[in-house]
């Protein structure tokens, strides 16, 4: 996480990405390490992290939609046996038991300074060709 974060420059998706689209995990990883920095937003960063983590752990991107759409966010959820972990940029949570706990951790950490209502959430995985919805 730390090595990836050093090669990342948060950049709002532009009109070429319809202001929010997600590249493949391999492409984002390649941008970060072959031609740094990875210029992307939260979904691009966490797609790159997905690439590295998915070789050893079951993981999904978690995208939350918030009442104020600009506060929506994408992070990585990692499952190790019975436990889940929240990875948000360079933050890795303690192990928790449920996805409800993951959502609570996101509220407590990422949204702690500005209370935010999460309206919906979705887990996504890379099937080798495209992103698909699917649980852990």
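In my numbering, the protein residues as written are 3 to 138. From the three backbone atoms N, C-alpha and C, an ideal C-beta is built for every residue, glycine too. Keep in mind that this is a model prediction, so the values were computed, not measured.
Closer than 7 Å by C-beta to residue i: which residues in its own chain qualify, once you throw out the five before and the five after it? Chain order, please.
i           : result
residue 39  : 9, 10 and 11
residue 43  : 12, 13, 14 and 15
residue 131 : none
residue 107 : 88, 95 and 98
To which residues does DSSP link residue i through a beta bridge?
i          : result
residue 52 : Residue 52 is not bridged to any residue.
residue 90 : 93
residue 79 : 62 and 88
residue 45 : In DSSP, residue 45 forms no bridge with anything.
residue 68 : 120
residue 12 : 42
Sort the options by Cα distance to residue i and report the nearest one.
i           : options              : result
residue 50  : 115, 119, 6 and 138  : 6
residue 59  : 34, 89 and 119       : 89
residue 25  : 124, 63 and 115      : 63
residue 116 : 30, 28, 70 and 57    : 70
residue 56  : 112, 27 and 108      : 27
residue 3   : 135, 91, 136 and 113 : 91
residue 72  : 84, 113 and 106      : 113
Got a sec? Which residues, its chain only, sit under 6 Å from residue i by beta carbon, not counting five neighbours each side?
i          : result
residue 81 : 60 and 138
residue 47 : 10
residue 41 : 11 and 13
Is the beta carbon of residue i sitting closer than 8 Å to the one on residue j?
i          : j           : result
residue 78 : residue 52  : yes
residue 65 : residue 128 : no
residue 31 : residue 54  : yes
Would residue i be called buried (16 or more neighbouring beta carbons within 10 Å of its own) or exposed?
i           : result
residue 121 : exposed
residue 119 : exposed
residue 76  : buried
residue 33  : buried
residue 36  : exposed
residue 74  : buried
Within the same chain, show all residues whose beta-carbon is closer than 8 Å to that of residue i, passing over the 5 residues directly before and after it, in chain order.
i           : result
residue 86  : 79, 80, 97, 98, 99, 100, 101, 103, 104 and 138
residue 133 : 24, 63, 126 and 127
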